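Engineer: One structure, as structure tokens, below. Some questions next.
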Amino acid sequence: MPTSHIAVYPGSFDPPTYGHLDVIERGRRIFDRIVVGVGRNPEKATLFTGEERIAMLQTLTDELCRREPDAAPVEVLGYEGLTVDFAKSAHATVLLRGIRNLSDLQYEVQQAVTNRELAALETAFVVAGQSFAYTSSALIKQITAMGDDLSVLTSMCPPMVIEQLKAKKAQNPALLRSLRS
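Here our numbering = 1-based position in the sequence shown + 16.
What follows is the structure, encoded as structure tokens:
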């Protein structure tokens, strides 16, 4: 039996949202350590590079850890390949997943059963707070691509992320338009 309960919270985090941070913050009160796994999904086009996403999450999770120093530590790592392989390499006992709605639940339960059957890895679900139920990285990217005033994102993303979105939009507006689909 493991003496330490390590949870891997995997995702693309493109970009990180307050919903992601909520899952991390609540996971820190349940597990002994959280490993945020910034993955690369070959089926998804990303706005930010893996290094940029890792850097943003590291800054944001460092801030969480400073605000609540008695909760579990957080480590942010990038990975490629299967999430279960990454979780095993991190000595995780569980995958941590956020659930926003019923369609998330349906997909996540299917993934959880597969991960348990193939890799003997359990999944713990954290239900999103009401204010995060409709926040998604895809929606944030769409608003960034099509909107002029990114201050509308203040309820969805930390200020640092909004600044990074503004910079990305200024650098390459065509890139954002290509991510809308």
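Cβ atoms here follow ideal geometry from the backbone N, Cα and C, with glycine treated the same way.
Because the structure is a prediction, the values reported are computed rather than measured.
#1: At the level of alpha carbons, what is the spacing between residue 151 and residue 110?
#2: Ends of the beta strand (DSSP E) at residue 46?
#3: If contact is defined by three or more beta carbon pairs under 8 Å, each pair taking one atom from either stretch, is the region 167 to 181 in contact with the region 67 to 76?
#4: Within 10 angstroms of its Cβ, does residue 188 collect 16 or more other Cβ (buried), or is it exposed?
#5: In angstroms with no decimal places, state the Cα-to-Cα distance between residue 127 and residue 153.
#6: Report buried or exposed for residue 90, applying the criterion of at least 16 other Cβ atoms within 10 angstroms of its Cβ.
#7: What do you get for residue 196, buried or exposed, if any count of 16 or more other CB atoms within 10 angstroms of its CB means buried?
#8: Taking contact to mean at least 3 C-beta pairs separated by less than 8 Å, is the region 154 to 170 in contact with the region 36 to 53?
#9: Going by DSSP, which residues form a beta bridge with residue 58?
#10: Going residue by residue through the region 60 to 104, where are the continuous alpha helix (DSSP H) segments of at least 4 residues, counting only ones entirely within it?
#11: Please classify residue 25: does DSSP put it in a helix, a strand, or coil?
#12: Would you please state the rounded distance, in angstroms, between the beta carbons of residue 54 and residue 112? I believe it to be under 8 Å.
Structural biologist: Put simply:
#1: 24 Å
#2: Counting along the chain, residue 46 falls outside any beta strand (DSSP E), and DSSP gives it neither H nor E.
#3: yes
#4: exposed
#5: 20 Å
#6: buried
#7: Because residue 196 sits at a pLDDT of 49, beneath the cut-off of 50, its placement in the model cannot be relied upon, and the point is left open.
#8: no
#9: For residue 58, which the question treats as bridged, DSSP gives no partner whatsoever.
#10: 66 to 83
#11: strand
#12: No, residue 54 and residue 112 are not in contact; Cβ-Cβ is about 14 Å, not under 8 Å.
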